[in-house]
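Heads up, the thing below is written out as structure tokens.
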Amino acid sequence: MSQLVTCDTKLRDQCKGTTCNRYECPAGCLDSTGKVVGTVHYEMQSSICRAGLHSGVVDKDGGWLDVTRQGRKDFFIKSNKNGIQSLGKYQSANAFIISKVTVKAITCETTVAQMCSYQKLVKHCPRLYCPRNCMDENPNISRVIGTRIYSDKSSICRVAVHAGVLQNDVGGYIDVMPVDKRKQYIASYQNGITSESLQNPPGGKAFRVFAVI
Numbered sequence: 001m002s003q004l005v006t007c008d009t010k011l012r013d014q015c016k017g018t019t020c021n022r023y024e025c026p027a028g029c030l031d032s033t034g035k036v037v038g039t040v041h042y043e044m045q046s047s048i049c050r051a052g053l054h055s056g057v058v059d060k061d062g063g064w065l066d067v068t069r070q071g072r073k074d075f076f077i078k079s080n081k082n083g084i085q086s087l088g089k090y091q092s093a094n095a096f097i098i099s100k101v102t103v104k105a106i107t108c109e110t111t112v113a114q115m116c117s118y119q120k121l122v123k124h125c126p127r128l129y130c131p132r133n134c135m136d137e138n139p140n141i142s143r144v145i146g147t148r149i150y151s152d153k154s155s156i157c158r159v160a161v162h163a164g165v166l167q168n169d170v171g172g173y174i175d176v177m178p179v180d181k182r183k184q185y186i187a188s189y190q191n192g193i194t195s196e197s198l199q200n201p202p203g204g205k206a207f208r209v210f211a212v213i
């Protein structure tokens, strides 16, 4: 889910038909020439990582950031912050804002419905840290519903083991991403865990899990 980008990657070029939210920036972007347009609200032609530096969300050593698209803004204000001079633009254009990636430790029983209520237009789920040995949990309490795409009533950490994203005896960090709700979730046996099937679930959302490399 999270994407490694360069110092010069513009959000406009990175964000075509994909979920645009979490990026990993390399070190050294303070010295690159990628332009930044705006302050707080940045124009889509801005360098993702240099906008992250300008906003103070990442530093010269790089790091992770979350991007939220904001629709059209009437103008963009120039400023000099954290060693980067941004440009102004007095013309309507699409904008985005940048925020820190939050990290939360969860239990084997924690579900996506509890952690990440995707009710708003955009809601960043924190990066999550799973304990080890979630495979041993009671499957009636820590359910796994689906294969590859899972119901948000599933245990996040047991899903990660089922999907092969985490090793059961290690645990670790994962990202989750919402996808369109499914009318059907398919059962399977993978990596020591048997998942459930579910037909026409009332309400609820679906999600996928991703390893943090």
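If you're matching positions, the sequence shown starts at 1 in full-length UniProt numbering and goes up one per residue.
Glycine included, each C-beta is placed from N, C-alpha and C at the ideal position.
These numbers were taken from a predicted model, which means no experiment stands behind them.
Check                                                                                                                                 : Outcome
Cα separation between residue 225 and N138?                                                                                           : One cannot answer for residue 225 here, as it falls past the ends of the chain, which runs 1 to 213.
Return the CA-CA distance between A95 and C134, expressed in angstroms with no decimal places.                                        : 41 angstroms
Relative to the C-alpha of G83, which residue among T9, S197, V170 and G28 is closest?                                                : G28
The ligand SAM and Y189: does any heavy atom of the ligand fall closer than 7 angstroms to the residue's C-beta?                      : Questions concerning the ligand SAM fall outside what the structure shown contains, since it holds no ligand whatsoever.
For V99, which option in E109, W64 and I77 has the closest C-alpha, if you only look at C-alpha atoms?                                : Note on identity: in this sequence residue 99 is Ser, with Val being the wrong assignment. The shortest Cα separation from S99 among E109, W64 and I77 belongs to W64.
Return the first residue and the last residue of the alpha helix (DSSP H) that S151 is part of.                                       : Not the alpha helix (DSSP H): S151 falls in the beta strand (DSSP E), residues I149 to S151.
Where K80 and S86 are concerned, what is the direct C-alpha to C-alpha distance, given to the nearest angstrom?                       : Residue identity check: residue 80 is Asn in the sequence provided, not Lys. Each residue's Cα considered, the two are about 6 angstroms apart.
Rounded to whole angstroms, what's the CA-CA distance from A51 to E109? Just pull it up for me.                                       : 37 angstroms
With a 10 Å radius around its C-beta and 16 neighbouring C-beta atoms as the bar for buried, classify G203 as buried or exposed.      : exposed
So for C157, helix, strand or coil by DSSP?                                                                                           : helix
Taking the alpha carbon of G164 as the reference point, which residue from Q190, V112, E196 and S55 has its own alpha carbon closest? : Q190
So for G62, helix, strand or coil by DSSP?                                                                                            : strand
Report the residue from K10, K183, I97 and I156 whose alpha carbon sits nearest the alpha carbon of R132.                             : I156
Quick check on S140: buried or exposed, where buried means 16 or more other Cβ atoms within 10 Å of its Cβ?                           : Sequence check: residue 140 is Asn here, not Ser. Label assigned to N140: exposed.
In the DSSP assignment, what residue or residues form a beta bridge with S47?                                                         : K10
Please say whether I106 and Y90 have beta carbons closer to each other than 8 angstroms?                                              : no
Can you tell me the Cβ-Cβ gap for V159 and V209, rounded? I've got them flagged as a contact below 8 angstroms.                       : 6 angstroms
Is it buried or exposed, S195, if we count other Cβ atoms within 10 angstroms and call 16 or more buried?                             : buried
Need the endpoints of the beta strand (DSSP E) that V57 sits in, please.                                                              : It is not in any beta strand (DSSP E) - V57 carries neither H nor E in the DSSP assignment.
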